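Protein chains in written order, with our numbering: chain S, 1384 to 1506; chain U, 72 to 300.
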Ligand SMILES: C[S@@+](CC[C@H](N)C(=O)[O-])C[C@H]1O[C@@H](n2cnc3c(N)ncnc32)[C@H](O)[C@@H]1O
Ligand SMILES: [Zn+2]
C-alpha cells in the first residue's frame, strides 16, 4: 500500500533526473483508511527519517490538512496522533505519482506503485 | 520456533509467474528461501535487541521472507518495504503480508532505485535472495527489462550481474547499525565478494550460515559496518 510514509521515501529515478525529483505529486488518487495501532515512540523515531514539507504537501493532496506547515519543535500526543494517522493509516490504492522535474508518471494500482522505467530512461 | 509464513492464498498461477525457475526444481529454489529464513531465525535475538525502524527486501517474490521477518519482529513497530521488478511478485508480496497480518509496502522497481536518495544510511535490515543462475548477459538483461518470471533466476555472467549491481548500493543504504543479508552460491566467489566489500566500502562480511542443496553450496553473507555485532 502506498502509505504516506512510503511516499516520503520515493524519488524519481529516471536517468539524468537528479534535482527537484522529490517529492512526487499525487494525481487522481483513491484512498482507503486502515486503522493501525498508535505507538508514539515509533512515530517520534520516524520523524528523523521524514521530510516534513513533503509530508504536509502529500497529506494535502490526499485531503488531509491536519499538520502544521512548519515542523513543530515540541510534539505533543495530539500532534503525534495526527502524524500517526497521516503516515500510517491513509493508503493510496489507485492513482499516480508525477515527478515535479521530468514529469514522469508512475502509476499506482491495487495499492502498488509501478516504478519500472523503459530501457532508455534507466540510469 | 517461528512458523513459516502462510502462503496458502497463492495460486498455481502465482507460482508459475513469480517463482518457478525454469531448468531448476521448485524444490531446489525453495532451499535458498529457507536458508535465508533459517539465518534470520538464528539472528532473531540479535535483531530484536536493537529493534530496526526500516527494513527493505529486494526481490521479495512471494513475500515469504519479508513476512517471516515481520513475524520475528511481531509486536515491534517497523516499516517494511519490499521491491521486485515483477509486478505479479509485488502483488503476491502484498497478499502474503495481509494474509499473515504483517504490514509490507511493496514497490515495483529495480533494486532500491527510487529509494536510494531518501533511504541513504537509513536501512536497518536489508535482504536479498537474488537471481543466481548463470546465463548469457543478454538473457539476463532481457529478463530484467521484461520484469517477468525469468528475472527470478536469470543472473547473467557467473549468475552475478544483478548481485553486483546490488552490492554497489549496500553501503549507501545501510544505517550505522544496519545489517544486510545476502544469499550467495560458492560459484559467486564468496571470498571475492567479502574482500571487495571491505576494500571498496569498508563493510565487514560474515558467513552466518551455509548448506548443501543438491549440487549447490549455498551461503548467507551478512554485511555490516562493524564486525562485533
Ligand atoms: C530468487 S527470487 C527470491 C524471491 C523471494 N525473496 C524468496 O526468497 O523466496 C529473486 C526475486 O528477485 C526479483 N528480481 C530480479 N532482479 C531484480 C531487480 N533488479 N530488482 C528487484 N527485484 C529483482 C525476481 O523477480 C524474483 O522475485
Ligand atoms: Zn524525474
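C-beta: ideal position from N, C-alpha, C; glycine also. This structure is a prediction, so every number in the text was calculated from the model and none was measured.
Alpha carbon of residue i to alpha carbon of residue j, nearest angstrom
| i | j | result |
| --- | --- | --- |
| residue 222(U) | residue 253(U) | 17 Å |
| residue 164(U) | residue 225(U) | 20 Å |
| residue 174(U) | residue 127(U) | 12 Å |
| residue 1442(S) | residue 1499(S) | 25 Å |
| residue 1461(S) | residue 282(U) | 51 Å |
| residue 234(U) | residue 201(U) | 6 Å |
| residue 1430(S) | residue 231(U) | 37 Å |
| residue 296(U) | residue 245(U) | 8 Å |
| residue 204(U) | residue 154(U) | 20 Å |
| residue 266(U) | residue 260(U) | 10 Å |
| residue 264(U) | residue 1455(S) | 45 Å |
| residue 270(U) | residue 1446(S) | 49 Å |
| residue 75(U) | residue 1451(S) | 43 Å |
| residue 85(U) | residue 268(U) | 35 Å |
| residue 144(U) | residue 247(U) | 20 Å |
| residue 170(U) | residue 251(U) | 26 Å |
| residue 168(U) | residue 141(U) | 9 Å |
| residue 293(U) | residue 239(U) | 15 Å |
| residue 87(U) | residue 81(U) | 10 Å |
| residue 1435(S) | residue 139(U) | 32 Å |
| residue 206(U) | residue 1457(S) | 56 Å |
| residue 1423(S) | residue 1396(S) | 33 Å |
| residue 124(U) | residue 178(U) | 18 Å |
| residue 1398(S) | residue 188(U) | 14 Å |
| residue 180(U) | residue 217(U) | 12 Å |
| residue 1412(S) | residue 72(U) | 42 Å |
| residue 213(U) | residue 1448(S) | 45 Å |
| residue 1389(S) | residue 79(U) | 27 Å |
| residue 291(U) | residue 249(U) | 16 Å |
| residue 262(U) | residue 243(U) | 21 Å |
| residue 166(U) | residue 1393(S) | 22 Å |
| residue 237(U) | residue 186(U) | 13 Å |
| residue 1421(S) | residue 147(U) | 12 Å |
Test: residue i CB closer than 8 Å to a CB of chain S
| i | result |
| --- | --- |
| residue 347(U) | An answer regarding residue 347(U) cannot be provided, because it is not within the stretch 72 to 300 covered by chain U. |
| residue 302(U) | Outside the displayed range of chain U (72 to 300) lies residue 302(U), so it cannot be described from this structure. |
| residue 216(U) | yes |
Neighbour flag for residue i against chain U, beta carbons, 8 Å
| i | result |
| --- | --- |
| residue 1394(S) | yes |
| residue 1496(S) | yes |
| residue 1499(S) | yes |
| residue 1388(S) | yes |
| residue 1504(S) | no |
| residue 1484(S) | no |
| residue 1384(S) | yes |
8 Å Cβ cutoff, residue i in contact with chain A
| i | result |
| --- | --- |
| residue 1444(S) | Among the protein chains in the structure shown, which are S and U, there is no chain A. |
field: Cβ contact check for the stretch 1416–1429 of chain S and the stretch 184–204 of chain U: 3 or more pairs under 8 Å
entry: no
- prompt: Taking any Cβ of chain S, which residues in the stretch 138–170 of chain U have a Cβ under 7 Å from it, in chain order?
  reply: 148, 150, 152, 156, 158, 161, 162 and 165
message: By the 7 Å beta-carbon criterion, what residues does the stretch 1401–1417 of chain S contribute toward chain U?
response: 1405
message: If the cut-off is 8 Å on Cβ atoms, which residues from the stretch 1425–1440 of chain S count as contacting chain U, listed in chain order?
response: 1425, 1428, 1429, 1432 and 1434
- request: Give the residues from the stretch 177–197 of chain U that approach chain S closer than 8 Å (Cβ to any Cβ), ordered along the chain.
  value: 177, 178, 179, 180, 181, 184, 185, 186, 187, 188, 189, 190 and 193
Unbroken stretches of the alpha helix (DSSP H), 4 residues or longer, contained in the stretch 1445–1504 of chain S: 1460–1467
message: To be precise: take each residue of the stretch 106–125 of chain U, compare its Cβ to all Cβ atoms of chain S, and keep it if any distance is under 8 Å. Which residues remain?
response: 124 and 125
- prompt: Using 8 Å as the threshold, is the stretch 287–298 of chain U in touch with the stretch 237–257 of chain U, meaning 3 or more CB pairs across them?
  reply: yes
- request: Identify every run of the beta strand (DSSP E) within the stretch 92–174 of chain U, keeping only runs that are complete inside it and at least 3 residues long; order them along the chain.
  value: 125–129 and 150–155
- prompt: Are the stretch 1487–1506 of chain S and the stretch 107–115 of chain U in contact at 8 Å, needing three or more beta carbon pairs?
  reply: no
message: For the stretch 130–137 of chain U against the stretch 155–162 of chain U, do three or more pairs of beta-carbon atoms, one drawn from each stretch, fall closer than 8 Å, so that the two count as touching?
response: yes
- prompt: Which residues, in order along the stretch 1460–1478 of chain S, keep a beta-carbon less than 7 Å from a beta-carbon of chain U?
  reply: none
Three or more C-beta pairs below 8 Å linking the stretch 1396–1404 of chain S and the stretch 1461–1473 of chain S: no
Those runs of the alpha helix (DSSP H) which lie wholly inside the stretch 243–298 of chain U and span at least 4 residues: 261–272
field: Every unbroken alpha helix (DSSP H) inside the stretch 190–224 of chain U [4 residues or more]
entry: 208–217
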